Structure formats: C-alpha cells, structure tokens
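A.B. asks:
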Amino acid sequence: MYFLGFTWNPADTLFNIGFIQIKYYNLLWIIAFALGWYIMKKIFLKEKKSLEQLDSLFIYTVLATMLGARLGHVFFYDWPYYQNHLAEILLPIRESADSRLFGLFPGYEFTGFTGLASHGAAIGIIIGMYLYTRKFPEFNMLWILDRIVVPVSIGAFCVRLGNFFNSEINGKIVDKSFLFATRFVRDSDDLHPAQALAVTKQNTVNAAYDLIEKDPRFSEYLEAIPYRHPAQLYEGICYIFIFALLYYLYWKTDKINKPGYLFGLFLVLLWTVRFFVEFVKKSQGGFEESLGLLATGQWLSIPFILIGLFFMFRKRSGNTI
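For the sequence shown, my numbering gives the first residue as 1137, with consecutive numbering after it.
(1) Could you give the residue range of the alpha helix (DSSP H) that holds R1270?
(2) Using only alpha-carbon positions, find the residue among E1274, P1287, N1145 and L1171 that is nearest to L1382.
(3) Since D1323 and G1396 are thought to touch, with beta carbons under 8 Å apart, how far apart are those beta carbons, to the nearest angstrom?
(4) When the Cα of G1421 is compared with those of G1433, R1450 and F1300, which residue comes out closest?
(5) If distances are taken between C-alpha atoms only, which option among R1410, F1180 and N1339 comes closest to W1279?
(6) Would L1297 and L1164 be called neighbours here (beta carbons separated by less than 8 Å)?
(7) Buried or exposed: A1223, going by 16 or more other Cβ atoms within 10 Å of its Cβ?
(8) Excluding the five sequence neighbours on either side, which residues of its own chain have a C-beta within less than 8 Å of the C-beta of D1148, listed in chain order?
(9) What's the call for I1438, buried or exposed, on a 16-neighbour Cβ count within 10 Å?
(10) Closest to M1277 by C-alpha separation, out of F1211, N1152, S1313 and M1265, would be which residue?
(11) Grouping DSSP H, G and I as helix and E and B as strand, with all else coil, what is F1320?
(12) Under 6 Å Cβ to Cβ from N1455, same chain only, skipping five residues before and after it: list those, please.
(13) If you draw a straight line from the C-alpha of I1175 to the C-alpha of K1271, how long is it?
(14) Got a sec, what are the start and stop residues for the alpha helix (DSSP H) T1143 sits in?
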C-alpha cells in the first residue's frame, strides 16, 4: 500500500499581544504545567498533604524544569555558540542584525526560549526536588520523585507535541510512501525562512511558507523538501503510554510503597524510548561527533537508564534517600 505523504505547515504562532508572540509551543508548556499541578493536587489530597506545600512544589518544579532545560541545551548541544553569546543563555533574545528588540535595542530580536533540552530538564527537576526537601524536611526525596514522575510523563508528551507544531526535532528522511512520512515545510534545515522570503518576495514568513505550499509557481521548492519521520510524535505517543502505566501503578497497585520504584521505572521507560527514537531522528548536534557511534541524546540517556534500573531493583531498607 502506498501513501502520498503528509505535508505539515502550521504557523507556530497562535496569536500576538503587542510584541509578545503566543506560540503553540509555549501554550503546550503551560498546559503541561497545569496538568501537572492538577495531578499532583489529586495525589496530595489522597495522601493528606498540605496544598500550600503543593504550591511551593509547583514553583520549584517550574523553575527547575525551565532552568535545567535551558542550561541543558546550552551546555549539551550548543555551547560553541553560547560561549560567545552569554546574554542569550537566560534571556529570550537572539542576535539579529536587521532587528530591533522592543523597537528600542538594535541588533537583537525577541524569540522566546527556543532551545530547551529534556535531559537538562530531568537533571534540573532532580536538583529542584532536593532543594525542596531541604526546605520541607517532612518530605523525603524519593517520596516526591515517585509521585512527580506521573505528571512529568504527560508533560513530556505536551512538549513533544509542541515540537511537532514548531516543525523541529524532526526525523531522518524517508520515502513519501512510508506510512508516517511527513513533509515539514517549515523545517529550517530544508527550507530556511530567509530563502522562503527571498523566493516568494513576501514580507512575512507565514505568507512565504503558505505560498510555497499552495501556489503552483513555487512547486519546485515544495517538491525539494524531503519527507521525514515525525520523530516528535513517535516519542510523544510513547510518553502517553508511560503516563498511563505510571498512573495505573500509583493508583491501583502497591508499587508506590516501594520507595524509588516508580521513579526508576520512569527513568528506564522514558529514556529507553528516547534512545531508540534517536535512531530515526536527525542529528541535534552536541558532542556526538567527538564520541561517535551514538547520537548525543543516546549518550545522555544511558546514565538515566542505568540509574533507573538501580532504583527499581535495589534492596530497600527504609523510606529515605
């Protein structure tokens, strides 16, 4: 059976508020945190914990996730760039010779945080939970980690769906007859925005990409865009199953009474998915060229899997870490 392939060309911006752009990616991050708060509220109520403590946990989680994800991208994937652009590490801006930030500061444009790494987010969350338990010693770290992995797994799906809307972290090239073959019109590696603007003579990137997709005059440019694996969706769908399994194990079994088990299972499942999806994902850069054999994401996933196995099968003599 042969398929025609699927062309994917959504605008990444949902709407604008002045100079602020509300993007699908940003919205899905908000949804991820909202779902996380809702699920953890159910858990806290079930276990008769204070909702004030949950509010503090939420703040720690948001800050730890975003800071860890940002620094993970900077140091794991793009340090050669950021070592010369230190201001861009924690500010949502990027150098652009033809732009003026907020209409006032030449040479920069507002971009939002376009580089976030899930391995960095995982490290950030673990550190954040440690700091939280230092402030609230009535909680131990494994108690928190065994429960927070449930909402984190569904949040991971939201993030990958956001990547799909952004046409980023795409897969390797496949034949258009492949069942899931997707042509990402806005993949900047296949058709850079500057090239789209140049060939269509349009004033906006959205108008340029829309013309390339729909106007027969630009069919040669559309046909030159290869079909790829929708690697973000492969990951995201697997994360839904991980969430369903962890949710079931928490609510319906006694696994939660084995400190570290759900945390370990989460690490093993999520990073194993990531390890195998990397085989069909195009390179994201990083240190893979120096190490060889595996992609950067695969090298980073292996330690998490090993740590997960340790927590799943270690001997348990108490409820603390």
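By construction, the Cβ of each residue, glycine as well, lies at the ideal position given by its N, Cα and C atoms. Every value quoted in this text rests on a predicted model; they were computed, and no experiment measured them.
C.D. replies: Checking against the coordinates, here is how it stands:
(1) Where R1270 is concerned, the enclosing alpha helix (DSSP H) starts and stops at S1254 to K1271.
(2) Comparing alpha carbon positions, the residue from E1274, P1287, N1145 and L1171 closest to L1382 is P1287.
(3) Contact flag wrong, Cβ pair sits at about 40 Å.
(4) The shortest Cα separation from G1421 among G1433, R1450 and F1300 belongs to G1433.
(5) The option with the nearest alpha carbon to W1279 is F1180.
(6) Between L1297 and L1164, the gap from beta carbon to beta carbon is short of 8 Å.
(7) With fewer than 16 Cβ atoms within 10 Å of its Cβ, A1223 is classed as exposed.
(8) Within the same chain, and ignoring the five residues on either side of D1148 in sequence, the residues whose Cβ sits closer than 8 Å to its Cβ are K1159, Y1160, Y1161, F1301, N1302, S1303 and R1322.
(9) I1438 is exposed by the Cβ-count criterion.
(10) Checking every option, the nearest Cα to that of M1277 belongs to M1265.
(11) Of the three classes helix, strand and coil, the one that applies to F1320 here is strand, per DSSP.
(12) At N1455 the pLDDT is 48, less than 50, meaning the model places this residue with poor confidence; the figure from the coordinates comes in the next sentence. Exclusion of the five residues before and after N1455 leaves P1395 as the residues of its chain whose Cβ lies within less than 6 Å of its Cβ.
(13) Their Cα atoms are separated by approximately 22 Å.
(14) Per DSSP, T1143 belongs to no alpha helix (DSSP H); it is in the beta strand (DSSP E), F1142 to W1144.
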